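**Student:** Before I ask anything, here is the structure I am working with.
Numbering (full-length UniProt numbering), first residue to last: 1 to 290.
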């Protein structure tokens, strides 16, 4: 598992450590290769590769497995949490605390000693038509209400962002891709510091809101091409069409996901380029250039 792929589960681990009163500054992470752990600063995260606690070793601290493989042959004086990946507690191994499993594969030898075992089944997303329709309607109501309110009161904001999407899609896509990735990495690194963890959570939520803003603008652009006179109603209809299109994209393997990601990135970049629609975006030109 690469560092980028591990980001979502790392955030979950950081939250779990913070809630439990642990020190995230003493956390170590392995992403690849084979590693023998003879001691722990406080918390160790296995995100990839193979991490082994040797049979003659006793480590004090907690271990989180979010990818790769963790093999315990010795003693872990603490808790072990399996979020993803593979975990094996072999013959003669000891875990004095709690073994908590959420997902992944866990193999516990009958000759191993574990203080307590707690297994939590991860919720399985339901594909029932009723729930899918309910989720779609909820998304439409939230996005539609926001789009209708903004286009009725401050339509220039949508016009500016929409112009950046239609006239400068490539620039918006590049800015959106770089901006979203940079901010995501920044917020994750902020989360490693307990003091900045609340700001990191707020930042991730704000980044999600910017993506929703971009989606609302796409709906507005579609609405302007519909034979509806009232801007608010046209925007509502456009958002409905846009969300339906995203649902259909999701049915196409690989290409559908790429299309959804492209739309999100272009919208994100257009919102940033126009300062949330407060200013019309005009690319910088070089004087005397062709």
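Cβ coordinates follow ideal geometry from the N, Cα and C atoms, glycine included.
Note that this is a predicted model, so its numbers are computed, not measured.
1. Looking at C-beta atoms only, is the number of pairs between the stretch 208 to 221 and the stretch 264 to 272 that lie closer than 8 Å three or more?
2. Who are the near neighbours of residue 112 in its chain, counting only those whose CB is closer than 6 Å to its CB and skipping five residues on each side?
3. Evaluate residue 70 with the Cβ neighbour count: other Cβ atoms within 10 Å of its Cβ, from every protein chain shown; 16 or more gives buried, anything less gives exposed.
4. Going by Cα to Cα distance, which pick from 285, 15, 240 is closest to residue 133?
5. Confirm, please, whether the CB-CB distance from residue 190 to residue 196 is below 7 Å.
6. Rank 83, 43, 186, 87 by C-alpha distance to the C-alpha of residue 50 and give the top, closest one.
7. Between which two residues does the alpha helix (DSSP H) containing residue 197 stretch?
8. For my contact list, residue 40 and residue 64 are in at a C-beta cut-off of 8 Å; report their separation, rounded to the angstrom.
9. Skipping 5 residues on each side, what residues in its chain have a beta carbon closer than 7 Å to that of residue 12?
10. Over the uninterrupted beta strand (DSSP E) stretch that includes residue 34, give me the two end residues.
11. Which class does residue 12 belong to by DSSP, given the choice of helix, strand or coil?
12. According to the Cβ coordinates, are residue 85 and residue 68 closer than 7 Å?
13. According to DSSP, which residues form a beta bridge with residue 80?
14. Tell me the residue span of the beta strand (DSSP E) that contains residue 86.
15. Sort 164, 77, 237 by Cα distance to residue 293 and report the nearest one.
16. Rounded to whole angstroms, what's the CA-CA distance from residue 228 to residue 238? Just pull it up for me.
**Tutor:** Once the coordinates are examined:
1. The stretch 208 to 221 and the stretch 264 to 272 touch, with no fewer than 3 CB-CB distances between them shorter than 8 Å.
2. Within the same chain, and ignoring the five residues on either side of residue 112 in sequence, the residues whose Cβ sits closer than 6 Å to its Cβ are 89, 93.
3. With 16 or more Cβ atoms within 10 Å of its Cβ, residue 70 is classed as buried.
4. For the options 285, 15, 240, the alpha carbon positioned closest to that of residue 133 is the one of 240.
5. Cβ atoms of residue 196 and residue 190: closer than 7 Å.
6. Closest option to residue 50, judged by alpha-carbon separation, among 83, 43, 186, 87: 87.
7. Note, residue 197: alpha helix (DSSP H), 197 to 224.
8. Contact between residue 40 and residue 64 does not hold, since the beta-carbon distance rounds to 11 Å and is not under 8 Å.
9. Correct list, in chain order: 83.
10. It spans 34 to 36 - the beta strand (DSSP E) in which residue 34 sits, taken as one unbroken run.
11. The answer is helix: DSSP assigns residue 12 an H, G or I state.
12. Taking 7 Å as the Cβ cut-off, residue 85 and residue 68 qualify as a contacting pair.
13. Partner(s): 63, 99.
14. Per DSSP, residue 86 belongs to the beta strand (DSSP E) from 86 to 89.
15. The requested residue 293 is not part of the displayed model; the chain covers only 1 to 290.
16. When rounded, the distance between both Cα atoms is 10 Å.
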